[in-house]
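Chemist:
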Amino acid sequence: MKRLAKNLSKVNPIKLGNSLGDSLKKNIIKEKMSHAPGHVVYTGSKEIKDVLIDVFDYNTHNFDEETISELNSYVKDIDEKTVTWINVNGLSDTAALNDIAIKYDLHTLVMEDVANTSQRPKLDEYPDQLFVVFKMLYYDGDNKLNTEHISLILGKAYVLLMQEYDGDVFDGVRDRIRHSKGRLRSQGADYLMYALMDAVIDNYFMVIETLSDKLEVLEEQIYECSSENYSQDIQRLKKEVVQVRRSIFPLREVVNKLEKVDNHLMSKKTQLFVRDLYDHTIQVIETVEIYRDTIAGLMDMNSTNIANRMNEVMKVLTIVATIFIPMTFLAGIYGMNFEYIPELTNPNGYFYFWGAMVVIFFASLIYFKRKKWL
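So that you can map any letter, position 337 of the sequence shown is 338 in the numbering used here, and since no number is skipped, the others follow by simple counting.
Rendered as structure tokens:
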């Protein structure tokens with residue numbers, strides 16, 4: 002594992018959404034491309050200076066919880082009589098990643114994917130470990146959809162969970178461990194891995210419920226306020242749906258593979274629960290696909306409203322132009338430079354001219370009204 006320590010390198014975090022952040026992102030990608038596979042580069046957008054590690058060690062009768070700042074200070078080795086959950090918050094500290102890799106004998110390719118936040122969800126098998134990558138989705142205080150990179154390593158009697166940020170959706174799992182609720186304390190590490198993945202997938206339902214509310218509000222606005230242009234709102238919502246789909250769609254393959262994997266780390270009993278997890282994943286994916294179709298329908302509806310408004314404008318302009326055509330014709334005749342035009346010598350010619358204009362104007366309006374063009 003000494004070679005791994007040399008491969009681990011720290012890269013300054015980026016702030017997405019501006020030109021400087023985009024430039025740094027490109028530099029990180031270039032750096033990754035310049036190294037051999039297994040070289041670890043953190044590609045995320047947030048740096049956590051003080052990485053905290055929560056350790057849960059439990060079995061049916063005993064439970065121990067500890068929070069540490071350095072893995073080296075955790076002297077207790079993995080005991081097969083208990084299940085140990087090591088929850089690492091923060092991926093930007095590559096020194097901490099190095100300690101974790103050495104202590105748990107993690108492959109360099111595993112550590113590369115742990116730090117690569119753009120890695121798609123997947124499941125890899127190693128001789129004594131199962132490695133799962135997936136995404137955690139959540140809305141922040143500004144109602145902005147965020148994606149967090151999560152890595153799970155299942156070993157014999159332990160689960161190593163590494164995530165980008167503080168805060169997650171695993172409080173329910175922690176509560177079940179602390180208070181011995183359900184079957185979690187009586188099961189092995191593979192069941193803990195299932196419980197953590199189940200918490201993430203259950204949270205997907207909360208995310209798509211929020212998306213559903215946004216879609217309903219936007220659809221109602223488009224129906225009721227057809228005079229407005231909602232292109233930006235639709236594109237913003239479409240981006241969120243694509244973000245959700247990109248995170249969830251590959252998970253179907255991961256869960257399906259986990260259900261059928263022939264590995265001593267996954268018991269057949271736990272794989273029965275994973276089958277239910279697969280059903281939930283399919284349900285979420287189908288819902289997201291429906292939302293994609295809904296977004297496409299809203300885009301068509303908004304485009305139709307824009308076209309209708311343009312047609313209304315063109316109709317008004319055409320009617321105005323049509324009314325003024327005969328008036329312009331008469332004005333052109335009496336504006337010619339002939340020496341003698343009979344009406345010009347009539348004392349009331351000016352008033353006759355305006356009378357003709359008014360008659361033409363109202364006659365045109367009546368005609369357009371009868372034709373239902375107005």
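Where a beta carbon is used, it is the ideal one built from N, C-alpha and C, also for glycine.
Owing to the predicted nature of the structure, the values given are computational and were not obtained by experimental measurement.
1) Rounded to whole angstroms, what is the Cα-Cα separation between residue 292 and residue 44?
2) What residues match up with residue 156 in a beta bridge as DSSP calls it?
3) With a CB to CB cut of under 8 Å and the five nearest residues on each side skipped, what residues in its chain are close to residue 68?
4) Determine the burial state of residue 164: buried for a count of at least 16 other Cβ atoms within 10 Å of its Cβ, exposed for fewer.
5) Output the boundary residues of the alpha helix (DSSP H) element that contains residue 69.
6) If you draw a straight line from the alpha carbon of residue 369 to that of residue 147, how long is it in whole angstroms?
7) Throw me the rounded Cβ distance for the residue 267 and residue 201 pair, which I believe falls under 8 Å.
8) Whose C-beta lies closer than 7 Å to the C-beta of residue 250 among residues of the same chain, with five residues either side of it excluded?
9) Taking the Cβ atom as the reference point for each residue, do residue 131 and residue 116 lie within a distance shorter than 8 Å?
10) Excluding the 5 residues flanking residue 356 on each side, which residues of the same chain have their C-beta closer than 6 Å to its C-beta?
11) Can you tell which of 59, 62, 70 and 42 has its C-alpha closest to the C-alpha of residue 51?
12) Should residue 188 go down as buried or exposed, given a rule of 16 or more other Cβ atoms within 10 Å for buried?
13) Is it the case that the Cβ atoms of residue 191 and residue 271 are separated by a distance below 8 Å?
14) Please name the residue, chosen from 59, 134 and 231, that lies closest to residue 158 on a Cα-to-Cα basis.
15) Could you tell me which of 229, 193, 175 and 372 sits nearest to residue 303, measuring between CA atoms?
16) Quick one, which of 231, 181 and 196 has its alpha-carbon nearest residue 277's?
17) So what does DSSP say about residue 90, is it helix, strand or coil?
18) With 16 as the cutoff for other CB atoms within 10 Å, does residue 205 come out buried or exposed?
19) When burial is assigned at 16 or more other CB atoms within 10 Å of the CB, is residue 225 buried or exposed?
20) Measure the Cβ-Cβ separation of residue 235 and residue 212 and say whether it is below 8 Å.
Modeler: Considering the structure as presented:
1) Distance between the alpha carbons of residue 292 and residue 44: 30 Å.
2) Per DSSP, 159.
3) If you ignore the 5 residues before and after residue 68, its C-beta comes within less than 8 Å of the C-beta of 53, 54, 55 and 56, all in its own chain and listed in chain order.
4) With 16 or more neighbouring CB atoms inside 10 Å of its own CB, residue 164 falls in the buried class.
5) For residue 69, no alpha helix (DSSP H) run applies; the uninterrupted beta strand (DSSP E) run containing it begins and ends at 64–69, by DSSP.
6) Roughly 55 Å between the two C-alpha positions.
7) The beta-carbon separation of residue 267 and residue 201, rounded to 18 Å, does not stay under the 8 Å limit for a contact.
8) These residues qualify, in order along the chain: 286.
9) No, Cβ-Cβ distance for residue 131 and residue 116 is not below 8 Å.
10) Taken in chain order, the list of residues that qualify is empty.
11) Comparing Cα positions, the closest option is 70.
12) Residue burial is scored here from C-beta neighbours: residue 188 has at least 16 other C-beta atoms within 10 angstroms and is therefore classed as buried.
13) The answer is yes: Cβ separation under 8 Å.
14) Distances from the alpha-carbon of residue 158 to those of 59, 134 and 231 put 59 closest.
15) For residue 303, the closest of 229, 193, 175 and 372 by C-alpha to C-alpha distance is 229.
16) Residue 196 is the option with its Cα nearest to residue 277.
17) Strand at residue 90.
18) Residue 205 sits buried, since 16 or more C-beta atoms from the chains shown fall within 10 Å of its C-beta.
19) Exposed, because fewer than 16 other Cβ atoms sit within 10 Å of the Cβ of residue 225.
20) Annotated as distal: residue 235 and residue 212, with beta-carbon spacing of 8 Å or more.
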